[in-house]
C-alpha cells in the first residue's frame, strides 16, 4: 500500500512548484538563492586558491583563465574570496535573523494571546526601538559594544525582533477569535497547547514571509557594516570589507570592487524575488 503521508507531501510539493513556475522571476530568484547557499556550504572547499594566500607578483591581475575574477591589491584570488565570504554572509545574516525570529515571534505570540497590560507595555518598548533608523541604531550599538561577529549577531537580533514581534502579534489577534481556537478551549486545551498547536501553525505563512524579508535586509546590513569597518574584521573575506579595501583601486582595477558588490546585489535581489514567490505560495489570495 502507498503511504498517504508521502503522497500528500508529493502533491504539496507539486503545488508549490506549479505556483513558482507561474512566476518566472520568483523561480529564478529561488534558483540563484539556492546556488549561493550551495556556494556557502561547499565554496571554501572547492575554491581554486586559499582566500588568504598573497602573491605580489600577481597583484591587480585582470580576470583571465588563471583567475576568473582577477586578483586584488595583494594578489589574492577574488573568486576564491567571494566563495569563502559567502559562508560568513549566510552564517551571520541567517543566524541573526533566526535568533530575532525566535525571540520576536515568541514575544508576539504571548503578547497577542494574553493582551492586557503586558501587551501594552511590550508594544510601547517596541515602538521606541522602531523609532530609530536601523543603520544608525546598528552603528550606535556596534560603536558601544565593539566590532565582532557575536556583537553583529546581537545587533541584527535587536533590530529585527520588534518587526517580527509586531507581525506575530497582529496575526495572533486575528486568529485567537477563530472557531478552531474556541473549539480547542471547549476541549479543555491549555493555553500553551492552543498557542503552539492551533495558532502558530496557522500563522506561519505571513511569519515565514517576514523572516525571509528580514533575512534579505540583514544581508545588506552585514555587508554595509563590513564596508564601514564595524562588521567582520580583516583578513576575513567579507564582501563588504572587500569593497572597502578596493575603493582606492577602483580607477585602475575596477573588478576588485565590482565583483563583490555584484555578489551582494545579486543575492539581495534573488532573496527578494524568492520572498515574492514564497508570499504567493503561502498566501495565494494576495501579494
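Residue numbers (the working numbering): 119 to 405.
Glycine included, every Cβ here is placed at the ideal spot set by N, Cα and C.
Item, Value
"When 390, 256, 378 and 350 are compared against residue 275, the one with the closest alpha-carbon", "256"
"Stretch pair the segment 342 to 353 + the segment 261 to 280: three plus CB contacts closer than 8 Å", "yes"
"Segment contact flag, the segment 178 to 187 with the segment 206 to 217, C-beta cutoff 8 Å, min 3 pairs", "no"
"Collapsed DSSP secondary structure at residue 370 in the structure displayed", "coil"
"For residue 189, three-class secondary structure by DSSP", "strand"
"8 Å Cβ cutoff met for residue 470 and residue 253", "There is no way to answer for residue 470, as the model of the chain reaches only from 119 to 405."
"Exposure label - residue 161; buried when at least 16 CB within 10 Å", "buried"
"Buried versus exposed, by CB contacts within 10 Å (16 or more), residue 238", "exposed"
"Under the three-state DSSP convention, the category residue 237 falls into", "helix"
"Status (buried if at least 16 other CB within 10 Å, exposed otherwise) for residue 236", "exposed"
"Classification of residue 287 by the beta-carbon crowding that lies within 10 angstroms, buried from 16 upward", "buried"
"Residue 302, buried or exposed, once every other Cβ within 10 Å from all chains shown has been counted against 16", "buried"
"First and last residue of the uninterrupted alpha helix (DSSP H) at residue 290", "267 to 293"
"Counterpart residues of residue 195 in DSSP-defined beta bridges", "189"
"Own chain residues within Cβ distance below 8 Å of residue 120, not counting five before or after", "Low confidence applies to residue 120: its pLDDT is 45, below 50, so where it sits in the model is not reliable enough to give any reading."
"Nearest candidate by alpha-carbon position, reference residue 200, set 387, 283 and 375", "375"
"Length at least 4, wholly inside the segment 301 to 380: the alpha helix (DSSP H) runs in chain order", "318 to 345 and 357 to 364"
"Pairwise C-alpha distance: residue 298 and residue 304", "10 Å"
"Chain-order list of residues whose beta-carbon lies under 6 Å from that of residue 355 (same chain, five-residue window excluded)", "169, 199, 202 and 203"
"Cβ-Cβ distance between residue 313 and residue 216 below 8 Å", "no"
"Rounded Cβ spacing between residue 390 and residue 334 (contact assumed at less than 8 Å)", "5 Å"
"Option in 172, 230, 321 and 384 with minimal Cα separation from residue 337", "384"
"Whole-angstrom C-beta distance between residue 361 and residue 219, which should lie under 8 Å", "Not confirmed; about 28 Å, so no contact."
"Status (buried if at least 16 other CB within 10 Å, exposed otherwise) for residue 285", "buried"
"Exposure of residue 164, with buried meaning 16 or more beta-carbon neighbours within 10 Å", "exposed"
"Residue 340 vs residue 270 beta-carbon contact at 8 Å", "yes"
"DSSP three-state assignment for residue 101, whether helix, strand or coil", "Nothing can be reported for residue 101, as the shown portion of the chain is limited to 119 through 405."
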